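Numbering (the working numbering), first residue to last: 47 to 175. A quick write-up on the structure given underneath.
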């Protein structure tokens, strides 16, 4: 499997989320219907930093053979993130069936979890040049 497109797309998705959480935390909190306070804003900004760090990792590893012995931690880290967060988002989406943003997030996270699961636990084969 050519993982370059996977790494680029996940870097873009996480980068956008990271920028939004870092620079628009109050707007996101208000959109979600919660009251903004210092701790909520701080939590979202820290979450944004984590997303930006993961986006940077994926962007810098896009040329590597992901899933091999040298990039196995990158594949496992991405799989763990998308799987665990995906299960949580699906659980929230089932509890709040009218929130479209949760369903979109659940679909995106499920797709990335499946693909990173195949990459992390599959057999990496490098294409002949």
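Note that the Cβ used here is the ideal one computed from N, Cα and C, for glycine as well. Model, not experiment: these values are computed from the prediction.
Collapsed DSSP secondary structure at residue i in the structure displayed
i	result
residue 143	coil
residue 78	coil
residue 107	coil
residue 124	helix
residue 112	coil
residue 132	helix
residue 117	coil
residue 169	coil
residue 86	helix
Buried/exposed call for residue i, threshold 16 Cβ in 10 Å
i	result
residue 134	exposed
residue 58	exposed
residue 49	buried
residue 119	exposed
residue 79	exposed
residue 124	buried
residue 116	exposed
residue 112	buried
residue 52	buried
residue 140	exposed
residue 147	exposed
residue 187	Past the boundaries of the shown model lies residue 187; the chain is included only from 47 to 175, so the question cannot be answered.
Extent of the continuous alpha helix (DSSP H) run through residue i
i	result
residue 55	50-69
Inter-stretch contact at 8 Å, needing at least 3 Cβ pairs: the region 106-123 / the region 74-84 | no
Indicate whether the contact test is met: 3 or more Cβ pairs, each with one atom in the region 79-99 and one in the region 63-70, closer than 8 Å.
-> yes
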